[in-house]
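Trainee:
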Ligand code: ADP
Ligand code: MG
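In my numbering, the protein residues as written are 20 to 181.
In C-alpha cells form, the structure reads like this:
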C-alpha cells in the first residue's frame, strides 16, 4: 500500500487537500484522522464537507461524538459521518451508541481521535496523520485497503499543496 506526504504551509493548503479528498473519496470508506489538538483534523474535515456540497456549518462534534451530513460524491447523495471521539470514556460507549452501524457501504466515516475506540473501530481505508511543523502542518496519508489506495491514486499532489 502506498503512502504519501506533503507540507501544508497554511490553512489554504489544508483546504486544498480537503477539496481533493472530497473528489477522490468513495462511499464505504473509513478515514481516520490522527494528530494532536489543533493539528487541523476538523479544519480538513470542514473543507472536505464544503467541497462535497455541504453548505451549513461544520462544528466539531466534541460532545455529540458524531455528526451526520448528506453530501454528493461521484454524483450520488451519500452520508458522511464525522466523529470526534476525544471525549469518549470507553470503547464500549462506541458500541452502545450504535456507531459501528454507521460503518457501511453507503457512508463515508471520518474519525478524529480513533485511538479512543481502539479495538472496536473497524480498520480504516485511509489514515491521515497531521503534525504541527513551524507555521504549517506535515501531513501523511496511508492507505490500508484497495479503496483507500484508489483514493490516494486520485489525489494530485505537489502542485496544489505546495
Ligand atoms: P483539530 O481538529 O486537529 O484539533 P482544528 O482543525 O480544530 O484542529 O484546528 C486547527 C487549527 O490550525 C485551526 O486554527 C486552523 O486554522 C489551523 N490550520 C489548519 N491547517 C493549517 C495549516 N496547514 N497551517 C497552519 N494552520 C493551519
Ligand atoms: Mg477537531
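Note that CB positions come from ideal geometry on N, CA and C, so glycine has one too.
Tell me which residue opens and which closes the alpha helix (DSSP H) that residue 168 is part of.
Mentor: 165-173
Trainee: Specify the secondary structure class of residue 64 as computed by DSSP and reduced to three states.
Mentor: helix
Trainee: Could you check what DSSP says for residue 84 in three-state terms: helix, strand or coil?
Mentor: coil
Trainee: Hey, would you say residue 100 sits closer than 8 Å to residue 85, going by beta carbons?
Mentor: In this structure, residue 85 lies closer than 8 Å to residue 100 by Cβ.
Trainee: Does the beta-carbon of residue 134, which I'm using as the reference point, lie nearer than 7 Å to any heavy atom of ligand 2?
Mentor: no
Trainee: Which partner residues does residue 103 have in the DSSP bridge list?
Mentor: 131
Trainee: Given 7 Å as the limit, tell me if residue 66 has its C-beta closer than that to any heavy atom belonging to ligand 1.
Mentor: Within the chosen limit of 7 Å, ligand 1 does not reach the beta carbon of residue 66 with any heavy atom.
Trainee: Buried or exposed: residue 123, going by 16 or more other Cβ atoms within 10 Å of its Cβ?
Mentor: exposed
Trainee: For residue 49, name the three-state secondary structure that DSSP assigns.
Mentor: strand
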